Amino acid sequence: MIAKVIVDVPSSQTDRSFDYAIPEQWVDIIQEGTRVIVPFGPRKIQGFIVEITEESEFKQVKPILEVLDVIPVLTAELIRLGDWLSKQTLSFKLSAYQLMIPAALRAKVTKEIHLLTDSVHLPKIIQPLFKMENRITWGALNENKLVLKAIQEAAREGFLEIAYLVEEKGKKKTERFVRVSGNRHQLDDIPARAGKQKELLTYIEETKQPLKVTSLLEETQMTRATLTTLIKKGYVEEFEKEVYRDPLGGVEYEKTEPLQLTEKQSEAIAPILDSLNQNMHDTFLLHGVTGSGKTEVYLQAIAKALSQGREAIVLVPEISLTPQMVQRFKGRFGSQVAVFHSGLSMGEKYDEWRKIRRNEVRVVVGARSAIFAPFTNVGIIIIDEEHETSYKQEENPRYHARDVAIWRGKEHQCPVILGSATPSLESYARAIKGVYHLLPLTERVNNRAMPTVNVVDMREELRQGNRSMFSNVLLEQLKDRLTKGEQAVLFLNRRGYSTFVMCRDCGYVATCDHCDISLTYHRTQHALKCHYCGHEEKMPETCSSCGSDHIRFFGSGTQKVEEELTKVLPEARVIRMDIDTTRRKGSHEKLLSAFGRGEADILLGTQMIAKGLDFPKITLVGVLAADSMLHIPDFRSAERTFQLMEQVSGRAGRHDLAGEVIIQSYTPDHYSIELVKAHDYERFFQMEMSQRKVGVYPPYVYMVLLNISHPELTQVIHVSEKIVTFLKRELSEQTVVLGPVASPLARIKDRYRYQCMIKYRNESGLRKTLLEIQQHYIREINQGQLQISIDMQPYMF
Ligand code: ADP
Ligand code: ZN
Ligand code: ZN
691 MIAKVIVDVP
701 SSQTDRSFDY
711 AIPEQWVDII
721 QEGTRVIVPF
731 GPRKIQGFIV
741 EITEESEFKQ
751 VKPILEVLDV
761 IPVLTAELIR
771 LGDWLSKQTL
781 SFKLSAYQLM
791 IPAALRAKVT
801 KEIHLLTDSV
811 HLPKIIQPLF
821 KMENRITWGA
831 LNENKLVLKA
841 IQEAAREGFL
851 EIAYLVEEKG
861 KKKTERFVRV
871 SGNRHQLDDI
881 PARAGKQKEL
891 LTYIEETKQP
901 LKVTSLLEET
911 QMTRATLTTL
921 IKKGYVEEFE
931 KEVYRDPLGG
941 VEYEKTEPLQ
951 LTEKQSEAIA
961 PILDSLNQNM
971 HDTFLLHGVT
981 GSGKTEVYLQ
991 AIAKALSQGR
1001 EAIVLVPEIS
1011 LTPQMVQRFK
1021 GRFGSQVAVF
1031 HSGLSMGEKY
1041 DEWRKIRRNE
1051 VRVVVGARSA
1061 IFAPFTNVGI
1071 IIIDEEHETS
1081 YKQEENPRYH
1091 ARDVAIWRGK
1101 EHQCPVILGS
1111 ATPSLESYAR
1121 AIKGVYHLLP
1131 LTERVNNRAM
1141 PTVNVVDMRE
1151 ELRQGNRSMF
1161 SNVLLEQLKD
1171 RLTKGEQAVL
1181 FLNRRGYSTF
1191 VMCRDCGYVA
1201 TCDHCDISLT
1211 YHRTQHALKC
1221 HYCGHEEKMP
1231 ETCSSCGSDH
1241 IRFFGSGTQK
1251 VEEELTKVLP
1261 EARVIRMDID
1271 TTRRKGSHEK
1281 LLSAFGRGEA
1291 DILLGTQMIA
1301 KGLDFPKITL
1311 VGVLAADSML
1321 HIPDFRSAER
1331 TFQLMEQVSG
1341 RAGRHDLAGE
1351 VIIQSYTPDH
1361 YSIELVKAHD
1371 YERFFQMEMS
1381 QRKVGVYPPY
1391 VYMVLLNISH
1401 PELTQVIHVS
1411 EKIVTFLKRE
1421 LSEQTVVLGP
1431 VASPLARIKD
1441 RYRYQCMIKY
1451 RNESGLRKTL
1461 LEIQQHYIRE
1471 INQGQLQISI
1481 DMQPYMF
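Residue 1487 is where the sequence shown ends in the numbering used here, and the numbering goes up by one at each step.
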């Protein structure tokens, strides 16, 4: 038997499967989706089996050296998905597969077998292995067919597990457990005066299951010494057992019951339930204003899928994966829920993944990569805030979670729900064309009013002599909330803003020596840092260009706002949330819950506070500089501005108290800001679509972005020009090739960057043409000088 293996050598020559012979004892046991170690040239490397066949077209086939899994890490579906994904994104198959498994499994490790139960449950043939120990190394095993089969069977039942990670610290967590050692009549052996021992042993016996030592001693109020005596006498045995790390720090979730749906919610959920009942795929766009009760719709649709014995995948943007959000799912579905987010340690992620693989959970809530959850019977896929850019991965493979969701939805014949108050233009256009099924939820639950929005013209403020960063009306309203004991949120858009250092005399701006970007001033270290390469230098005392000492930092970071705020409102208690205050694990949650408990009056922050906040006392939202994002040279900047403004205003007045929003802007008449006043998404959609039509941008065309970089500027220009000439020659006439031009960030880490763009409607040979370019430059690329990255669906420019 032959295994076709994708090997762990990321290069275009090796981006295909290689044939290896399956060792005799593994024939009929090993499955597709298993990781193996194979010889490759002089090296031994890891790989994924993607196919098992009878024969190879090659005469000489080397054997697999080692099998790493008895239960495959990739399901048959994921193997196909990886293949599709690599084609879609023009990336290596290997990187597509690596994307789907937890990082912990990518590391080099030794293999052990861990017993997870009493050995009596195991198939007879392997029982003796675990007589003395509850973990053995793989090497201690006689790798014969019957043994391997028995191991696989027991692993499927969850009685034992192949563990790879024992040598890596922190990847698995174990605790001490005890259980009775199996001798009968031991109670009678204990002398009557040793009452405590008798009592403890009885307790352990009656529980029948292994008991965690710490909880046992706590529950029984016995001493460790008593337990140790029982162990010494051989009545009880102590062992180590793996426990799952709890990424939520042992928080107990309050159980919630399904709410009686409003009429609107019932209308929206009906077609989803139909799709579930008929076991049919459909993509729904749930367009619901903030506070319209989308989450309750998700929850009840999920409940339906679970009742059919199927599973659910829920994607939420990384920054809204707050305990509040998790509570809503855990509260309804309890321990059936696994949670994935980037704040988890490698080990925690591995644990959550294994819960899915072992069928211990049926709902996964997570950020982008949770879309690859290895469920085998998916009943529903939900993408909340579907317009969020974080669903697009900005490194290889450059995939969009929405595309993967729809692929899997078709595969499982199940509904996919895209939810948003401000859908991406692409999705809304598809919904209008009938490609997606549009489900509108136009009102807030319980007839709560949408917040009133007041746009302040900051140019006018300036004319009136107000030079501060707060308009008069915002300041007044903040004071008003302070006296009423209500809360306010102040939002500062981080993009487009930075605290750069400039010379007031000559205009010199401190930039990074390796990247063409201004350095950011960091107050705490009084230093300048590059946010691209990490380069750090001391804050200069004089201008390095003209020598003047009038050099100082500019811009309006959150720290600066906080300082201003304490000057104008000294009595206000402020919590600041930005990358600096939330760097430590868990600090994000700590700050939010402190705000929730009313320990501050004002929450000041960046993008990370725009979503998911749901506190009853927030009645005022202030946006300090609405248009900072409008001027970024990106065709989506108006869309992003509108989305963000709507999102932020959605934080106000979600409960009984009415909400008010104050947006400060230098371009108050721009439709992306103007239309937030009326919360008029449809109108915005139309305005923006006509802009896109004129500019020939998506969704009217598809785009591809090629990024070419090289340490030498002349090389980069030379190659880019050749590529553009080639593309113009190869592609059809209707297709537009733009560039080459220097990238917005023209140099990063000492590499010069150029880009070109392709706009097309129909171009069947496009992928082939792009691959040819990479092939053509393969030597230069492999030498590590030239890089050509291709983004088939660029999101950030
Ligand atoms: P969205 O996700 O659309 O912004 P939410 O799901 O957060 O809206 O709902 C807003 C509020 O309305 C929440 O406090 C939620 O508990 C409440 N809610 C949702 N559906 C109902 C319902 N059918 N009956 C009563 N309250 C509801
Ligand atoms: Zn740099
Ligand atoms: Zn100067």
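All C-beta atoms, glycine included, are put in the ideal place defined by N, C-alpha and C. Remember, predicted model here, so these are calculated numbers, not experimental data.
Best match in the options for proximity to residue i [C-alpha to C-alpha]
| i | options | result |
| --- | --- | --- |
| Asp1206 | Gly983, Lys752, Met1379, Ile1438 | Ile1438 |
| Glu957 | Lys984, Lys931, Glu944, Pro948 | Lys984 |
| Cys1202 | Leu1182, Leu1282, Cys1223, His1216 | Cys1223 |
| Ser997 | Arg1242, Gln1464, Gly1069, Leu1115 | Gly1069 |
| Pro1434 | Val1427, Arg1441, Gln1445 | Gln1445 |
| Leu1488 | Arg1153, Asn969, Ile962 | Given that the chain is displayed from residue 691 to residue 1487, the structure contains no residue 1488 and the question cannot be resolved. |
| Glu1350 | Leu1396, His1127, Asp1170 | Asp1170 |
| Gly999 | Asp1041, Val1053, Glu947, Ala1028 | Val1053 |
| His1077 | Asp879, Arg1092, Thr1066, Arg1088 | Arg1092 |
| Ile692 | Ala766, Asn832, Ile712 | Ile712 |
| Ser1114 | Cys1236, Tyr1485, Ile1096 | Tyr1485 |
| Leu836 | Lys777, Pro813, Leu1303 | Pro813 |
| Ser702 | Glu722, Ser746, Ser776, Glu756 | Ser776 |
| Lys749 | Phe708, Cys1104, Phe782 | Phe708 |
| Met1159 | Lys1174, Gln1249, Cys1233 | Gln1249 |
| Arg883 | Ala1217, Tyr1356, Thr916, Asn969 | Thr916 |
| Ala1119 | Ala993, Pro732, Met1379, Ile791 | Met1379 |
Residue i in three-state terms, based on DSSP
| i | result |
| --- | --- |
| Thr952 | coil |
| Lys1123 | helix |
| Tyr710 | strand |
| Pro1102 | What sits at residue 1102 in the sequence shown is His, not Pro. Three-state result, His1102: coil. |
| His804 | strand |
| Gly731 | coil |
| Glu858 | Its pLDDT being 42, under 50, Glu858 is placed unreliably by the model, and the measurement read from it follows with that caveat. DSSP places Glu858 in coil when its eight states are reduced to three. |
| Ile1046 | helix |
| Ser809 | helix |
| Arg1441 | strand |
| Ala1060 | helix |
| Phe929 | strand |
| Arg1287 | coil |
| Thr1309 | strand |
| Asp918 | With the sequence shown as reference, residue 918 is identified as Thr, and Asp is not the correct amino acid for it. Here Thr918 sits in helix by DSSP. |
| Leu1152 | helix |
| Phe820 | helix |
| Arg874 | The predicted position of Arg874 is uncertain, since its pLDDT is 49 and thus under 50; a value taken from the coordinates is nonetheless stated next. Coil at Arg874, not helix or strand. |
| Val1135 | helix |
| Arg1185 | The predicted model places Arg1185 with a pLDDT of 49, which falls under 50 and marks its position as unreliable, so this point remains unresolved. |
| Gly1385 | helix |
| Asn1452 | coil |
| Gln1483 | coil |
| Ala1091 | helix |
| Ala882 | coil |
| Gln1083 | coil |
| Ala840 | helix |
| Thr913 | coil |
| Leu1314 | coil |
| Lys923 | coil |
| Ser1035 | coil |
| His1278 | helix |
Whole runs of the alpha helix (DSSP H) within the stretch 1324-1355, excluding any shorter than 4 residues: 1327-1339
Contact between the stretch 1401-1408 and the stretch 1151-1165 (3+ Cβ pairs under 8 Å): no
The stretch 1294-1314 touching the stretch 1333-1347, judged by at least three CB pairs closer than 8 Å: yes
Touching by the beta-carbon criterion (3+ pairs, under 8 Å), the stretch 1449-1465 and the stretch 1419-1429: yes
The stretch 1325-1333 in contact with the stretch 1379-1394 per 3-pair CB rule at 8 Å: yes
Three CB pairs or more closer than 8 Å across the stretch 1015-1023 and the stretch 768-777: no
Within the stretch 999-1031, ranges of the beta strand (DSSP E) (whole runs, at least 3 residues): 1001-1005, 1027-1030
The stretch 1225-1238 in contact with the stretch 1127-1136 per 3-pair CB rule at 8 Å: no
Length-filtered (4 minimum) alpha helix (DSSP H) runs lying within the stretch 737-793: 766-779, 783-790
Segment contact flag, the stretch 1021-1035 with the stretch 1376-1385, C-beta cutoff 8 Å, min 3 pairs: no
Three or more C-beta pairs below 8 Å linking the stretch 1331-1341 and the stretch 1355-1370: yes
contact_flag[the stretch 1005-1012, the stretch 1040-1060] where n(CB pairs < 8 Å) is 3 or more: yes
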